[in-house]
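Heads up, the thing below is written out as structure tokens.
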Amino acid sequence: MRRLVVVGNGMSGVACVEQILKFNHDFEITIFGDETHVNYNRILLSSVLAGEKTADDIVLNEIDWYRKNGIQPRLGVRIDHVDSVARTVTGADGSVTGYDRLILATGSSAFVPPIPGIDKKNVHVFRTLDDTRALLEKSRPGCKAVVIGGGLLGLEAARGLQVQGCDVTVVHLAPTLMERQLDPTGGAYLAGKMEKLGVRVLLSRQTQALLGNGHVQGLRFACGTEVDADIVVVAAGIRPNVALGRSAGLEVHRGIVVNDFMETSDSHIHAVGECTEHRGQIFGLVAPLLDQGKVLASTLTGNRGPVFTGATDATKLKIMGVDVFSAGSIDESEPGVEVIRYEDQSLGIYKKLLVKDNRLHGVILVGDASDDHRYTQWLRQGTDLAPHRRHLLFPPPAGDSGSDVAALPDSETICGCMGVTKGDIIQAVHQHGISTMGQLKDRTRASTGCGSCGNLCSRLLKAVAPEFEEDKQKVLCPCVPFPQEKLRDIVRSQKLKSVQDVLDIYGNGKGCEVCKPALSYIVDMVWCGDHEEDRSARFINDRVHANIQKDGTFSVVPRMRGGVTTPAELRKIADVADKYNVPMVKVTGSQRLDLLGVKKADLPKIWADLDMPSGQAYTKGVRMVKTCVGSTFCRFGTQDSISAGIELETRLENLYTPHKFKMGVVGCPRNCAEATVKDLGLVGQEGNWQVVVGGAAGKGVRKADLLVTVETTEEALEAGSLFFQYYRENANYLERSYDFVERLGIEKIRKETVYAPPATRQALLERLSKAKDKSYDAWLERLAPRPSQFVEIQPMEPMPV
Amino acid sequence: MKWIRVTATENVPPREGRALRIGPLSLAVFNTGDRFLIVENRCPHGGGPLADGIVGGNTVTCPLHNWRICLESGTVAKPCESQAPSVRTFPTKVENGIVLLALDEAQAAA
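So the protein lines, in turn, are chains X and L.
The first sequence runs 1058 to 1858 under my numbering.
The second sequence runs 3 to 112 under my numbering.
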């Protein structure tokens, strides 16, 4: 066996090893890494900083992978010296390891410019998982963060810090952000968008000194101005780590020089990744580095054929919701270069193509990068653009689709809820000439259950129906054919206060079970409860405030805030169950008690006997707050989850929502009450609360997204309330929070709730409080019931005999 | 056939239904907004209580699984492929603010 030693446990070194494992090889592999972590995805560090991912989420290879593949991992061991004559490497721990082949994958380090005061406390770089953790520890809402460097890495750091609630300023030496990828116009679009989102951008600023006594407190620029700072992130560029290459006597310029086979000037030593220099170029993006790894794997395993020829340096990233894409050359002053440009200032979209000899030469996209695949392909393949000239800036209309559904067998079930197979749908299409989703639903019932097969059904329909028509718009219902967003506008601007008014003026005057409950919600929400309630437009559950069961009886769930009850309440519930012969008493999944099998006529009497408020377990509204024991009793609890949960439930109860709304509050990250799979969850930790939204544990499981981390319980309740009202106002009826969060994206939601301007936040909370004031415990309707609301009508005269 | 006085019109609010029991018969009386109609209170699909459904024009939608029934004819309007039997309908009229229902002997015996 030959000994292969890899110095560097990062993405390119390990990617190369992964390739080697795919081939027949005779190596005994040792990987040294100076970080103590297993191989992780460095590109996603910005997502860790933004709280979207945890350190565990970005691991690429677990420790088991090393063991299974017979690789010896040496983590936390820095290699200080290479002896290329004796063919050994010496570690900082004194160990000496011999090699037959050596791969240097030492990567690069953050460049820290020699500015006076740069060694002060709270000045960080952003390069490793440890750097990221340090930044996460320091960043707090309201903390002033300054990022030095307006390149890719600096902007990613700025985004992460802003999501953590910091007040962020980006300081850049050049007059244009990301000047290596963008032209001045593109840079200005990006800067404008970032400013709009609340990040201050200072261009053409040379930092002269970092101020402060021990801890950093601010920056002074060459122009004489200053800014305050509690933390500073230095993202002024990266430098290849070449010291080991030098010590081995290799040819080194800016990086370790490699040829097309990834060989260095020493035949036993190879190099890969950010530490290399190939044909005078160094690399910082992941795609070419992975290509290098593949070539090197071939070279090392005896197939010295594939070559690395450099790469189109395509950059794609999303900074605070702004798509940016850049590839190829961006120098328009080159002779023979034509420029094709598109700008839409109000949408913030900028596209610029450089074309040379009818081939794509470079591209810049800001605000809309949906077309990047096409451009990358054109660049890579040198495509002749003549046939594409009319569609350079926008793709031609979509062509054929449905090839994937064509491959399904006829017996395959498409709609699991209604048991409709592909064969059933095809038969219905042929027999009845179905051409729209609406017709398909009426005929076959497909996609009328949970709706998750809707997309598949419409693709299938597109593939098999000769006259397929896209449903015009996603309208609420044929009775009132407008999208819900439009209906919310109409109700507001036309001052319509009842469902029947909307149906009479904008619909068919009748309505149905689809549009009536939706319109009921919309008028209630828009007018904050100050509307004309029309019970005939509500589902039966909302007419009798109980949940209808398959046999026509109802279930009764009293409110038990935070899942906390008392012996007296439990006695009352037991007495009621006896008195009304309730067939079943069940503990629900929501820490409450359910009395099942109750007759409609008994409902008001049971509510009176219970003398507890309605738990709203029957409606599209606020359900409950599930809590864990928390710091009151639990020896692990860090926050008082019970008090916080009861307070949260009290603040939001009795309100309607687009779909049911479940909450959870836990006192520590052990998450005993499952707050991270609720529509809204508060997760207590030592010293703060994480407010998480859009979780699901139903047909699909979705971990809630982090909305914000805050210090006090009051701040957590307010952040939760902001999201709650925002969801009420912007989600479509029957859209659960997890679909809503996926549709809008958590970034947008953050910007429009917790990071919105103070006036916007205030207005959301005021509308919530107005609606809350108008709301009431529905079970109090027992005191003044509507005509025959609960009773069966008895005829005025007996049946003839 | 004999007309029976059922209830005062104000006991059934516009666009709602109410359950009505006459002897062995379980019926549902509806106020569609411009007229009163009475049908059997039993969805042909799963036996759901039609009186608790949402009324749209002259149809009602069963609260259990959203089958839609025409209140005039008793036929199933949705899903149209159901081939389910129709719901029984009963002659209904309003006089002096009172809803009346006609029963013949065969129906009464059913």
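Glycine included, C-beta positions come from ideal geometry on N, C-alpha and C.
Within chain X, the residues placing a beta-carbon under 7 Å from that of L:R20 are S1845 and I1850, ordered along the chain. Interface residue (Cβ-Cβ distance to chain L less than 9 Å): X:R1839 is not classified as such.
Per the C-alpha coordinates, the member of X:R1516, X:R1500, X:D1561 and X:L1576 positioned closest to X:V1532 is X:L1576.
The segment 1234-1252 of chain X and the segment 1816-1825 of chain X do not touch, with fewer than 3 CB-CB distances between them shorter than 8 Å. Residue-level contact check: X:P1452 does not touch chain L, since none of the beta carbons of chain L fall below 9 Å from its beta carbon. Assigned with DSSP and collapsed to three states, X:A1674 falls in coil, not helix or strand. With contact defined as three or more Cβ pairs closer than 8 Å, the segment 1274-1286 of chain X and the segment 1256-1264 of chain X are in contact. The residue from L:G99, L:T94, L:T9 and L:K80 with its alpha-carbon nearest to that of L:P46 is L:K80. Short of 7 Å from the beta carbon of X:S1165, and not among the five residues preceding or following it, lie these beta carbons of its own chain, in chain order: I1295, R1296, P1297, N1298, E1331 and C1332. Residue burial is scored here from C-beta neighbours: X:K1178 has fewer than 16 other C-beta atoms within 10 angstroms and is therefore classed as exposed.
With a threshold of 9 Å between beta carbons, L:L27 makes contact with chain X. X:V1364 counts as exposed, since fewer than 16 other beta carbons sit within 10 angstroms of its beta carbon. In the DSSP assignment, the residues bridged to X:F1611 are X:I1605 and X:V1655. Taking 7 Å as the cut-off between beta carbons, the residues of the segment 1598-1629 of chain X near chain L are I1605, K1607 and G1609, in sequence order.
Take the alpha-carbon of X:G1654 and the one of X:V1639: they are about 6 Å apart. Within the model, the alpha-carbon separation for X:F1318 versus X:C1725 is close to 53 Å. Residue pairing from DSSP places X:Y1399 in a beta bridge opposite X:K1408.
In terms of Cβ geometry, X:E1391 and X:V1412 do not form a close pair [threshold 9 Å]. At a cut-off of 9 Å between beta-carbon atoms, L:K4 makes contact with chain X. For X:D1558, no Cβ of chain L is located within less than 9 Å of the residue's own Cβ. In this chain, X:F1718 is not harboured by any alpha helix (DSSP H); it is covered by the beta strand (DSSP E) spanning F1718 to V1723. Around X:E1743, the same chain offers T1695 as residues with beta carbons nearer than 6 Å, after the five sequence neighbours per side are excluded. Using a Cβ-Cβ cut-off of 8 Å, L:G58 is close to C1536, K1567, G1568, C1569, E1570 and K1573 of chain X, given in chain order. Among the CB atoms of chain L, one or more fall inside 9 Å of the CB of X:M1853. Within the model, the alpha-carbon separation for L:G99 versus L:I40 is close to 16 Å. Listed along chain L, the residues sitting closer than 8 Å to X:S1593 by beta-carbon distance are P15, P16, R17, E18, I56 and V57. Ranked by how close their Cα comes to the Cα of X:G1752, the residues X:W1746, X:Y1790, X:E1799 and X:L1159 have X:E1799 in first place.
Here X:L1210 has A1292 as same chain residues with Cβ atoms under 6 Å from its own Cβ, once five neighbours each way along the sequence are excluded. For X:E1704, no beta strand (DSSP E) run applies; the uninterrupted alpha helix (DSSP H) run containing it begins and ends at S1698 to L1709, by DSSP. When Cβ-Cβ separations below 9 Å define contact, L:R70 makes contact with chain X.
In the DSSP annotation of this structure, X:H1445 is not part of any beta strand (DSSP E), being labelled neither H nor E. Of X:G1678, X:G1741, X:K1717 and X:T1676, the smallest CA-CA separation from X:G1702 is found for X:G1741. At a C-beta separation below 7 Å, L:T63 has these neighbours in chain X: C1569 and E1570.
Restricting attention to beta strand (DSSP E) runs no shorter than 3 residues, the segment 1140-1180 of chain X encloses them at 1145-1148, 1153-1155, 1158-1161 and 1165-1167, ordered along the chain.
Counting the other CB atoms within 10 Å of its CB gives X:H1430 a total below 16, which places it among the exposed residues. Between L:T9 and chain X, the shortest Cβ-Cβ separation is below 9 Å.
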